[in-house]
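Protein chains in written order, with our numbering: chain A, 22 to 428; chain B, 22 to 428.
Backbone N, C-alpha and C define an ideal beta-carbon position, used for all residues, glycine too.
Please read all numbers here as calculations on a predicted model, not as lab measurements.
In structure tokens:
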């Protein structure tokens, strides 16, 4: 597996573009288009929130009931959630406009939105934007990067990853981009993620690879415990790498899954590290668990604890809050057997052993917790299962961003 | 039911005292004692966190297996949680010291602690404190208030309530105090709550009255979603009102339960309004629910949403976050049927109808949300069940308090 610079327009036959359509933001790009020369198998995972944004419903219909996806139209600024029938109509008008200008069927156009809930998108700006996007489509990392910037809301940096593998003597490329900073507690997938590949793989295995992988990647991220109405991950495969089609769970499938895992894991970590107001990526590893479910429950409970997140912001080794968050998670374990470590580039320190303090140095702990990526590792000594969750610290800026997000 | 000024030392035969024992804080009282002239029936509800503080385990043993409680010794500053066997030994030494000085059995002494997790309590200061507390015991509202102040940690004000009812021609008094500001997401009961009454009531009904009532009161409060290791509510009844003993669920029991509900509801609201860093009490009412469980799930999900709490701090009618939090709660409902209102002393405003905006005035909404007690009311139009949850806004000061709580 070769990590390359790139993103959603790096695989063969995929192009991307960005445009400033003035939907809500001024002076920045706020629309992106992804396009594939050839029809794609599309896989998708979507929010489990009962309140589903209109684009989520639109995409579910396309992914589940239609073949040959060709394009994705994305806007930032307005989420098109809680917008009733008019919201669905806007999805259709968006797809129709893109279909017309690109000369493809409307049911091959996926749409995605992110931003404020409850406002209607001015559809004339969307159609204007599509007019700007279509002639600007380009393959390659620059175009992919422009698209990754256009889909940002409170994100402070674009989030991309790309990788190449060999399958049957052919080079297969996977590349992706995502956005997400607040209202991040994905349940099925993150806010918005787009992965493109030229791999030749059956639609069934493409969906299975994605559905399995999001459990360990996007679904293990939490910025604030709020599962969005718009969470969507789309994975498009256009087959242009010309590898022998992956139709069964063989070595090729395994290689594809590993590459997909790299992309999704990298993007998931980038979302956590760029959580609203965050100064640090906070990683929580549970080891020695009895079952995978137990490990996941414990890791997620710690990574979403407001008190723990505030302590991470303060570089404070307040381990009692971590043990407390494990305790109320709902998972069973013996608190008097737990060992806990803090780790970062600055070192690794055992903080508690069998549930009580080791008498560690607070200075040393604070030094370790002052890095911009910090990890808490809890060993519950019950078995050999583990899980990793990613979040961030809880800061003044999170409040600042969210106390008056709409103005 | 007559609401009176008072607290945990208002019922007949109960006295309270406060002392500065120097356990962790300087220049303030940090220990309290409650004492009953006569042995009490004791009821208790305790944290469901697997990580239970030593005093929780101590009190569970007393409440479940011993008769005739006489005293409660409470300290603030150190929680005596995650303290292993030494923590249990400190509970025993505390009870022994109090038993010795008060001339009562050690198994009639309840203990409670609140503060930092993981530190050991210096037991010599506890015994010194008990020596100061015992001669200072007094009945009445002043003594009760001193005790309510001594048990505060990050609380900004003492929290008390008292009420009188008539049962069988006798005046029965109930009074209580509680503390709680951070790590507040009670599951069984709040951080620390103490209710005393001179009612004559069987131990079984006393426990049942408490267990039922905490579900609608303390368990509906959330400051930050973190269920503490120390949550404890104790209800002591010494029978000194000399009313005919309440042994069955008759009118007298009903009157007692109503009075208890007043005390617990008042204290629960006080906890929410004094949440760490809070500028406003945030009340969430779900009406028109299909079942009580559905209403509770929806109300709790909204009241714990970080994004909603930050919007309340910003006086921002960001209703999409409320609908979003209802959507990911796990409860089933039709988002396109929901009506939502904001209400406060400044008025009441319908914000959404059948899931979409009413086109309300943002200025009017902000005016309503600028009060220090604000309510969101969501009607899901499925039935006649309802629930109310209490929380607070999420502010810069919450971060400030928790980024470096230990120093």
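Rounded straight-line distance, which links the Cα of residue j to that of residue i
| i | j | result |
| --- | --- | --- |
| residue 183 of chain B | residue 55 of chain B | 15 Å |
| residue 86 of chain B | residue 74 of chain B | 19 Å |
| residue 368 of chain B | residue 167 of chain B | 37 Å |
| residue 189 of chain B | residue 266 of chain B | 9 Å |
| residue 243 of chain B | residue 128 of chain A | 45 Å |
| residue 140 of chain A | residue 84 of chain A | 26 Å |
| residue 109 of chain A | residue 384 of chain A | 56 Å |
| residue 62 of chain A | residue 222 of chain A | 8 Å |
| residue 317 of chain B | residue 200 of chain A | 33 Å |
| residue 311 of chain B | residue 349 of chain B | 17 Å |
| residue 52 of chain A | residue 94 of chain A | 7 Å |
| residue 192 of chain A | residue 400 of chain B | 56 Å |
| residue 40 of chain A | residue 268 of chain A | 38 Å |
| residue 364 of chain B | residue 327 of chain A | 27 Å |
| residue 309 of chain A | residue 405 of chain A | 5 Å |
| residue 125 of chain A | residue 397 of chain B | 46 Å |
| residue 356 of chain B | residue 407 of chain B | 17 Å |
| residue 251 of chain B | residue 142 of chain B | 15 Å |
| residue 194 of chain B | residue 82 of chain B | 27 Å |
| residue 256 of chain A | residue 27 of chain A | 16 Å |
| residue 402 of chain B | residue 366 of chain B | 25 Å |
DSSP state of residue i mapped onto helix, strand, coil
| i | result |
| --- | --- |
| residue 423 of chain A | helix |
| residue 336 of chain B | coil |
| residue 383 of chain B | helix |
| residue 284 of chain A | helix |
| residue 400 of chain A | strand |
| residue 277 of chain B | helix |
| residue 148 of chain B | helix |
| residue 199 of chain A | strand |
| residue 374 of chain B | strand |
| residue 42 of chain A | coil |
| residue 252 of chain A | coil |
| residue 142 of chain B | coil |
| residue 214 of chain A | strand |
| residue 349 of chain A | coil |
| residue 58 of chain B | strand |
| residue 49 of chain B | coil |
| residue 26 of chain B | coil |
9 Å Cβ cut-off: residues of chain B touching residue i
| i | result |
| --- | --- |
| residue 340 of chain A | 103, 138 and 139 |
| residue 344 of chain A | 72, 102, 103, 138, 139 and 250 |
Rounded Cβ spacing between residue i and residue j (contact assumed at less than 8 Å)
| i | j | result |
| --- | --- | --- |
| residue 80 of chain B | residue 178 of chain B | Between residue 178 of chain B and residue 80 of chain B the Cβ distance is about 25 Å, and since that is not below 8 Å, they are no contact. |
| residue 419 of chain A | residue 297 of chain A | 5 Å |
| residue 32 of chain A | residue 150 of chain A | Not quite, the Cβ-Cβ distance comes to about 24 Å (not below 8 Å), so this is no contact. |
| residue 37 of chain A | residue 159 of chain A | 7 Å |
| residue 330 of chain A | residue 414 of chain A | 5 Å |
| residue 395 of chain A | residue 333 of chain A | 6 Å |
| residue 57 of chain B | residue 259 of chain B | 5 Å |
| residue 35 of chain B | residue 174 of chain B | In fact, because the Cβ distance is near 24 Å, the residues do not count as touching under 8 Å. |
| residue 411 of chain B | residue 302 of chain B | 7 Å |
| residue 285 of chain A | residue 235 of chain A | 7 Å |
| residue 119 of chain A | residue 92 of chain A | 6 Å |
Closer than 7 Å: residue i CB and nearest the ligand FAD heavy atom
| i | result |
| --- | --- |
| residue 292 of chain A | Because no ligand of any kind appears in the structure shown, any question about the ligand FAD cannot be addressed here. |
Partner residues on chain A for residue i, Cβ-Cβ distance less than 8 Å
| i | result |
| --- | --- |
| residue 354 of chain B | 71 |
Chain A residues whose Cβ lies nearer than 7 Å to that of residue i
| i | result |
| --- | --- |
| residue 357 of chain B | 105 |
| residue 348 of chain B | 70, 71, 72 and 250 |
| residue 199 of chain B | Ordered by position in chain A, no residue passes the 7 Å Cβ test against residue 199 of chain B, which lies about 19 Å from the chain. |
Chain B residues whose Cβ lies nearer than 8 Å to that of residue i
| i | result |
| --- | --- |
| residue 413 of chain A | The contacting residues do not exist; residue 413 of chain A stays about 12 Å from chain B at best. |
| residue 112 of chain A | Those within 8 Å of residue 112 of chain A in chain B number zero; the least Cβ separation is about 16 Å. |
Neighbouring residues, chain A, relative to residue i (Cβ below 9 Å)
| i | result |
| --- | --- |
| residue 239 of chain B | What residue 239 of chain B touches in chain A: nothing, since even the nearest Cβ is about 15 Å away. |
| residue 416 of chain B | 420 and 424 |
| residue 155 of chain B | Under the 9 Å cutoff, chain A gives no residues; its nearest Cβ is about 31 Å from residue 155 of chain B. |
*Between the stretch 291 to 325 of chain A and chain B, which residues of the former have a C-beta closer than 8 Å to a C-beta of the latter?*
The stretch 291 to 325 of chain A vs chain B, Cβ under 8 Å: 325.
*Chain-ordered residues of the stretch 375 to 386 of chain B with a beta carbon less than 7 Å from chain A*: Identification of residues in the stretch 375 to 386 of chain B having a C-beta nearer than 7 Å to some C-beta of chain A yields 376, 377 and 378, given in sequence order.
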